[in-house]
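Q: First residue of the sequence shown: 0, per numbering that gives the first Met the number 0; consecutive thereafter.
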Amino acid sequence: MIIIKSSAELEIMRRAGRLVGRVLQAVANAAKPGATTAELDQMAEQMCRAEGALPAFKGYRGYPYSLCCSLNHEVVHGFPRKEPLREGDLLSVDFGVLLDGFYGDSALTVAVGEVSPEARALIDATRRSLEAGIAQCRAGNRLGDVSHAIQQVVEGAGFSVVRQFVGHGIGRGLHEEPQVPNWGEAGRGVKLKPGMVLAIEPMVNAGGYEVKVLKDGWTAVTVDGKLSAHFEHTVAVGEDGPRILSLT
Ligand code: MF3
Ligand code: CO
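(1) Take V26 and list the residues in its own chain whose beta-carbon comes closer than 6 Å to its own, dropping the five residues that flank it on each side.
(2) Which residues bound the alpha helix (DSSP H) around E154?
(3) Count the other CB atoms, across all protein chains shown, that sit within 10 Å of the CB of M12; report buried if there are 16 or more and exposed otherwise.
(4) Three-state secondary structure (DSSP) at A55?
(5) Have a look at the DSSP bridge pairing and note the partners of I199.
(6) Does any heavy atom of the ligand MF3 sit closer than 8 Å to the C-beta of F56?
(7) Give the C-beta separation of G51 and S245 to the nearest angstrom, bearing in mind that I take them to be a contact with Cβ-Cβ under 8 Å.
(8) Do the region 213 to 220 and the region 176 to 193 touch if we need at least three Cβ pairs shorter than 8 Å?
(9) Using a Cβ-based criterion (distance less than 8 Å to any ligand heavy atom), does Y208 qualify as near the ligand MF3?
(10) Return the residue from the list I169, I122 and G168 that minimises the CA-CA distance to F158.
(11) First and last residue of the alpha helix (DSSP H) that includes D88?
(12) The ligand MF3 and L173: does any heavy atom of the ligand fall closer than 8 Å to the residue's C-beta?
(13) P83 bridges to which residues according to DSSP?
(14) Which of the three DSSP states is assigned to R162 in this structure?
(15) Does the region 167 to 180 come close enough to the region 22 to 36 to have 3 or more Cβ pairs within less than 8 Å?
(16) By the DSSP assignment, the beta strand (DSSP E) with V220 in it spans what residues?
(17) Examine the ligand CO and report whether any of its heavy atoms sits within less than 8 Å of the Cβ of A228.
(18) Which stretch, first to last residue, makes up the alpha helix (DSSP H) that contains E117?
(19) Can you tell which of H229, L18 and I1 has the C-alpha that lies nearest to the C-alpha of F164?
Here you go:
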């Protein structure tokens, strides 16, 4: 069942989402050569708790940290580390909070210093694919319209859509119905209604779409070792279009 949120609930989700957006912006600004992802994790958790929120991922199915930090060929769910970031790294950061009973969830990929032209293009295509998916979040459209729009942008840029992970509904649960695949057919799937809230999160590989999870039980990496990027927003379906809840 897809849970419809009231306007009062959406206002709480906006506050949760804004906090996630602010934290990720601070994390992105701090992701310079020499910084460590362990420091970024601590910064994210402190900012979150200072606002009376809980880090949503810490302890979720045993995930040990607040922030997911996925470097280069890591796709999602990478662990923060004590090794310093290096010029040329591609860093995906994913963060969620629980505030006043509701979750917010967002992710972005940043270039650490100067990165390769391919890394730049991958970041750009992944961000544009998320924007294209969000633009389809209007009442009367179908979920497949969102999925298809993302896939078109990704494959049009010559990259591939990860199949093993998908976006999700979000609200009082971090993961609610429906699942939101980043590939699919336009005009298919459930009809979008005002008050539905989706965490849309394309994961895009520079090479093939295949990924595997490392022995730590969490870190997903590309099988071919090529780069991967990830962007995510928490988005409400509105009467007259999408409302991105995880903007700063
Ligand atoms: N954005 C991801 C998701 O919603 C982050 C989950 S990380 C986990 O699925 F640790 F919480 F699993
Ligand atoms: Co998510």
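Just so you know, even glycine gets a beta-carbon here, dropped at the ideal spot from N, CA and C.
A: Walking through what the data contain:
(1) L39, A43 and V92
(2) L142 to G155
(3) buried
(4) coil
(5) H232
(6) yes
(7) Actually they are not in contact, since the Cβ atoms of G51 and S245 sit about 18 Å apart, beyond 8 Å.
(8) no
(9) no
(10) I122
(11) Looking at the DSSP string, D88 is not in any alpha helix (DSSP H), and its letter there is neither H nor E.
(12) yes
(13) T35
(14) coil
(15) no
(16) A219 to T221
(17) no
(18) P116 to A134
(19) H229
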